[in-house]
Amino acid sequence: MRICDLLAETLHSLTSNKVRSGLTILGIVVGIASVIAMLSLGAGSQASIESSIQSAGSNLLTVMPSAAGQQGAGFRMAAGNVQSLTREDAEALAGIDLITGAAASAQGNAQIVNKDVNANAQLLGVTPAYAEINNVTVHTGAFISERDDRSYAQVVVLGSSLAEDLFGTDGDPVGQRVRSGNMLLTVIGVLEDKGVSGFTNVDSAALVPLSTAQRYVTGSEYVSSITLAVADEEQMDAAENAVETMLLARHAIADPDYADFRIQNMADMLETVSTVTGTFTTLLAAIAGISLLVGGIGIMNMMLTTVTERTREIGLRKAIGADDDVISLQFLAESVMLTLVGGAVGVLAGWGIGTAAGAVLGVDALVSWNAIALAATVSATIGVVFGFYPARRAARMSPIEALRYQ
Amino acid sequence: MSSDAIIEAAELHKTYDGAGVVTHALRGVSMRIDSGEFAAIMGPSGSGKSTLMHILGCLDTPTSGTYRLDGRDISELDAHELALMRRETVGFVFQAFNLLPRATVMRNVALPMLYTRVPADEREDRAAAAMRSVGLEESLWTHRSNELSGGQMQRVAIARALVNDPSLVLADEPTGNLDTATGDSVMELFARLNGEGRTIVLITHEPDIAQKARRVVRIQDGEIVEDAATADAEIRAYGSGGEA
Chain A
1384 MRICDLLAET LHSLTSNKVR SGLTILGIVV GIASVIAMLS LGAGSQASIE SSIQSAGSNL
1444 LTVMPSAAGQ QGAGFRMAAG NVQSLTREDA EALAGIDLIT GAAASAQGNA QIVNKDVNAN
1504 AQLLGVTPAY AEINNVTVHT GAFISERDDR SYAQVVVLGS SLAEDLFGTD GDPVGQRVRS
1564 GNMLLTVIGV LEDKGVSGFT NVDSAALVPL STAQRYVTGS EYVSSITLAV ADEEQMDAAE
1624 NAVETMLLAR HAIADPDYAD FRIQNMADML ETVSTVTGTF TTLLAAIAGI SLLVGGIGIM
1684 NMMLTTVTER TREIGLRKAI GADDDVISLQ FLAESVMLTL VGGAVGVLAG WGIGTAAGAV
1744 LGVDALVSWN AIALAATVSA TIGVVFGFYP ARRAARMSPI EALRYQ
Chain B
6 MSSDAIIEAA ELHKTYDGAG VVTHALRGVS MRIDSGEFAA IMGPSGSGKS TLMHILGCLD
66 TPTSGTYRLD GRDISELDAH ELALMRRETV GFVFQAFNLL PRATVMRNVA LPMLYTRVPA
126 DEREDRAAAA MRSVGLEESL WTHRSNELSG GQMQRVAIAR ALVNDPSLVL ADEPTGNLDT
186 ATGDSVMELF ARLNGEGRTI VLITHEPDIA QKARRVVRIQ DGEIVEDAAT ADAEIRAYGS
246 GGEA
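Heads up: the sequence lines are chains A and B, in that order.
The working numbering puts the first residue of the first sequence at 1384, with every later residue one more than the last.
The working numbering puts the first residue of the second sequence at 6, with every later residue one more than the last.
Put into structure tokens, the structure is as follows:
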């Protein structure tokens, strides 16, 4: 039997009972669509998390205080309760060959008041190096300068959304004054929109000189983190080792297990997050896959009914010379065509559902070629697997019995 | 043996072994039908005529004995080889027509060519020739087969049986689902096809129908009880025992 004859016969059989074929296809459509929707949402959220980590800079090492002796243990005191890092540590670390920049920062929360408007913001005490290392740029005005930092200047650079909250969309905040606690801060700049990057949303933060934050907000000489830029992403591990060695020496700690700091590597973090979201996506897709299985059982159900209904036709085809293999092939082709059509429609539907759900959830759904190839393979496989038994049953019928069947 | 023989059966036995009870459907049937003959195999139900037809049509193999169809011994063929033999050598006509109901007349007639190597562009021509030879008007060719009358359906089935140009046309109660007038016209068609050189074997339980063949083979309890030209045969209606 020729391929084009096989296709024509298959199409003829399937269109002979459009409602039944349609409903059976629907089962596969639902299955494939849910798998594709889940995969696309998973891939989309993974991409958005990864890009937010990358926009923070995947070549960054972040050093944070950590309770001594807790390194690597399951329990660790909150970084805010431990004070071990200083501005001098940052300056020393900047001297390491592999490190191109170091930015110490102190963190706190503050209420910022402009006349009758006030906003709660994350207050970051930063050095001029912060801008370059964290990849933030000033939209209007200027960033904090060395002089501001040396002179405990009461100046502030506002994140874009914070500026909007305090001054509205039209106001020009530069040169205006805002109050925070007992400080009267002059706004010297507003940052560009950056979006969430890493775990800090700089858009809603207020940046003041590190010295000012230490004197008026945290009241200590310690800093809450040091961010280091590494020259070459390939050398992250080497840089991390160098940083650890230097800090252990500076803090006079012999046993690394008793370090009073910990180092976060953005590349490691990216990998961890990718693994977690990947696992999550697989899980969701597996759950969606169950509906695909149900669709497959629907195919088998329909094919068994069809084989019984068409017993006489099978008898006739055998009488006019179709052998078992051809009969088997014809029924198998029907189930595979059902699942392939279902798969194709399912990919489109899943893409639509993923995009719609993504719009609601704020994620860009990504339908990858891999997901489509997977859908095609899975639906063809379902067609073969669930069509095999009915096809075999048709093929094994005795032509005499089949022709007699009422 | 002459090379003209289409059917050469020798000592065909067929037994069915079901639930411990052995049924002898055929008890040593020997017959020869030559090319160009028009024979009726007649017998009451349970006589073994259906079993014989299945073996003659390569749908089944005998338990013992030899059967040569068109010169080939088919007694030992497997299912695949039997299918090939049916495809090339036999054209079936059934009592219930067995057309594909939703397919057009053309598609039904062309169906057997799906399983052969007839080139696609030749198929319509061959189907058309077959339909003309059974007297199907061209206006019917695009109709669905379930829109036709019984007589038209049987003509479609006969055209389908002819389309692969078989050595043997095997008709199983071809008039059983038709009224007398339509049945007669189908029998006339068979007679005409026979006149054109077709070898036709008819299986029937109706003496009236058998009489229209040129030779009648009567079978009863799995054995041939009479084999004669129609003019000489003593054709009786079964059951009543009265004259036909």
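Backbone N, C-alpha and C define an ideal beta-carbon position, used for all residues, glycine too.
Quick caveat: nothing in here was measured; it's all calculated off a predicted structure.
Nearest by alpha-carbon distance to residue i: which of the options is it?
| i | options | result |
| --- | --- | --- |
| A:N1501 | A:D1553, A:L1549 and A:V1509 | A:L1549 |
| A:M1686 | A:N1400, A:S1657, A:R1385 and A:N1442 | A:N1400 |
| A:V1573 | A:S1544, A:T1601 and A:S1563 | A:S1544 |
| A:N1497 | A:V1519, A:V1557, A:A1748 and A:G1508 | A:V1557 |
| B:R112 | B:D78, B:T147, B:S50 and B:A236 | B:T147 |
| B:A149 | A:H1395, A:S1607 and A:A1778 | Before going further, note that residue 149 of chain B is Arg rather than Ala in the sequence given. The shortest Cα separation from B:R149 among A:H1395, A:S1607 and A:A1778 belongs to A:H1395. |
| B:T66 | B:A30, B:L153, B:I38 and B:S40 | B:A30 |
| A:M1619 | A:R1598, A:G1602 and A:I1646 | A:I1646 |
| A:Y1788 | B:A162, B:G181 and B:N103 | B:N103 |
| A:V1659 | A:A1426, A:L1567 and A:Y1605 | A:A1426 |
| A:N1517 | A:S1404, A:S1488 and A:M1720 | A:S1488 |
| B:R197 | B:A233, B:R160, B:S80 and B:P106 | B:R160 |
Under 7 Å between beta-carbons, which chain D residues line up against residue i? List them in chain order, please.
| i | result |
| --- | --- |
| B:L64 | Structure shown: chain D not included; protein chains present are A and B. |
If you reduce the DSSP assignment to three classes, tell me which class residue i lands in.
| i | result |
| --- | --- |
| A:Q1453 | Confidence in A:Q1453 is poor, its pLDDT being 48 and thus under 50, which makes the residue's placement unreliable; the coordinate value appears in the next sentence. Reduced to three states, the DSSP call for A:Q1453 is coil. |
| B:Q225 | strand |
| B:D78 | strand |
| B:Y72 | strand |
| B:G41 | coil |
| A:A1462 | In this prediction, A:A1462 scores a pLDDT of 48, lower than 50, which makes its location untrustworthy; the coordinate-derived value is nonetheless stated afterwards. Three-state DSSP puts A:A1462 in a helix. |
| A:T1658 | helix |
| B:E142 | coil |
| B:S4 | Any property of residue 4 of chain B remains undetermined from this structure, which presents chain B solely from 6 to 249. |
| B:Q159 | helix |
| A:R1385 | coil |
| A:D1578 | Note on residue identity: the sequence assigns Gly, not Asp, to residue 1578 of chain A. DSSP places A:G1578 in coil when its eight states are reduced to three. |
| A:V1573 | strand |
| B:G202 | coil |
| A:Y1772 | helix |
| A:M1780 | coil |
| A:E1627 | helix |
| A:A1758 | helix |
Is the shortest distance between the beta-carbon of residue i and the beta-carbons of chain B less than 7 Å?
| i | result |
| --- | --- |
| A:R1695 | yes |
| A:S1404 | no |
| A:T1711 | The displayed chain sequence assigns Ser, not Thr, to residue 1711 of chain A. Chain B contact via Cβ: absent. |
| A:A1705 | yes |
| A:M1384 | yes |
| A:G1715 | Here residue 1715 of chain A is Leu; the residue named in the question, Gly, does not match the sequence. A:L1715 does not count as touching chain B. |
| A:E1699 | Going by the sequence as given, residue 1699 of chain A is Leu instead of Glu. True, the Cβ-Cβ gap to chain B drops below 7 Å. |
| A:D1388 | yes |
Residues in its own chain within less than 6 Å of residue i by CB, not counting five upstream and five downstream?
| i | result |
| --- | --- |
| B:A176 | V98 and L207 |
| B:M192 | K217 |
| B:P171 | T94, V95 and G96 |
| A:A1671 | S1417, V1418 and M1421 |
| A:A1854 | As shown, chain A starts at 1384 and ends at 1789. That puts residue 1854 of chain A outside it, with no answer to give. |
| A:G1410 | G1678 and G1681 |
| B:E248 | Legend: pLDDT at B:E248 = 40, less than 50; position of this residue unreliable, value from coordinates given subsequently. Within the same chain, B:E248 has no close Cβ partners at all. |
Quick check on residue i - is its C-beta less than 7 Å from some C-beta in chain A?
| i | result |
| --- | --- |
| B:R91 | yes |
| B:R131 | no |
| B:P117 | yes |
| B:R107 | yes |
| B:F195 | no |
| B:N103 | yes |
| B:H59 | yes |
| B:A88 | yes |
| B:H210 | no |
| B:H18 | no |
| B:H85 | yes |
| B:Y120 | yes |
| B:F97 | yes |
Residues in its own chain within less than 7 Å of residue i by CB, not counting five upstream and five downstream?
| i | result |
| --- | --- |
| A:A1758 | I1415, V1418, I1419, G1726, G1729 and V1730 |
| A:H1634 | S1467 and D1643 |
| A:P1356 | Outside the displayed span of chain A (1384 to 1789) sits residue 1356 of chain A, for which this structure offers no information. |
| A:T1688 | none |
By Cβ distance, which residues of its chain are closer than 8 Å to residue i, with the 5 residues on each side in sequence left out?
| i | result |
| --- | --- |
| A:S1431 | V1746 and D1747 |
| A:R1335 | Outside the shown range of chain A (1384 to 1789) lies residue 1335 of chain A, about which nothing can therefore be said. |
Taking contact to mean at least 3 C-beta pairs separated by less than 8 Å, is the stretch 210-222 of chain B in contact with the stretch 39-53 of chain B?
yes
Kindly confirm or deny that the stretch 1438-1446 of chain A and the stretch 1602-1612 of chain A touch, where touching means at least three C-beta pairs closer than 8 Å.
yes
Determine contact between the stretch 1700-1708 of chain A and the stretch 81-91 of chain B, defined as no fewer than three beta-carbon pairs at a distance below 8 Å.
With the cut-off at 8 Å, the stretch 1700-1708 of chain A and the stretch 81-91 of chain B touch.
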